[in-house]
Amino acid sequence: MVLEHLDMESLETLREVMGAEFTHLVETFITDSDMRVTSIAETVNAADADAIRRAAHSLKGSASNMGALSLADLCRRLESMGAESKLEETHDLLEQVRKEYSLVREALQAL
Numbered sequence: 001m002v003l004e005h006l007d008m009e010s011l012e013t014l015r016e017v018m019g020a021e022f023t024h025l026v027e028t029f030i031t032d033s034d035m036r037v038t039s040i041a042e043t044v045n046a047a048d049a050d051a052i053r054r055a056a057h058s059l060k061g062s063a064s065n066m067g068a069l070s071l072a073d074l075c076r077r078l079e080s081m082g083a084e085s086k087l088e089e090t091h092d093l094l095e096q097v098r099k100e101y102s103l104v105r106e107a108l109q110a111l
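Okay, here's the thing in structure tokens:
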């Protein structure tokens with residue numbers, strides 16, 4: 001399961017660089033990402049294109065840094081929709097982001 005949702009090479013590099021702080025980094029990512037996913041949901045429900053773009057961009061960057069590349073790609077797509085004010089499919093994409101984040105979160109907690 002972990003390999004499907006996380007780039008283990010990226011995580012191993014982070015673990016080497018961060019050393020004992022790696023666990024704290026993972027915990028911080030999870031805490032921050034919980035809030036970011038909630039923020040994305042709020043912006044999608046409000047149909048606020050610019051806020052969707054900003055919220056998705058924020059999660060995209062941190063997900064990419066943590067090796068959650070599928071999650072980062074979903075956020076990139078959501079960010080583009082916000083930037084282009086194409087909001088028709090944002091609810092569907094939000095559900096995909098929620099599902100993928102849940103799997104990433106579970107995988108990180110299992111490390």
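In the UniProt record's numbering, the protein residues as written are 1 to 111. Here a beta-carbon is modelled for each residue, glycine too, at the ideal position from N, C-alpha and C. All figures in this text were calculated on a predicted structure; none of them were measured in a lab.
| Query | Result |
| --- | --- |
| Do S33 and L59 have their C-beta atoms closer together than 8 Å? | yes |
| Report yes or no: is there a C-beta of chain B within less than 8 Å of the C-beta of Y101? | Included in the structure is just one protein chain, with no chain B present. |
| Around the C-beta of G82, are 16 or more other C-beta atoms found within 10 angstroms, so that it is buried, or is it exposed? | buried |
| State whether the segment 81-99 contacts the segment 37-44, with contact taken as three or more CB pairs (one from each stretch) at a distance under 8 Å. | yes |
| Buried or exposed: where does T90 fall if 16 or more other Cβ atoms within 10 Å of its Cβ makes it buried? | buried |
| Between G67 and D7, is the Cβ-Cβ spacing less than 8 Å? | yes |
| Can you give me the C-alpha to C-alpha distance between M18 and L111, rounded to a whole angstrom? | 15 Å |
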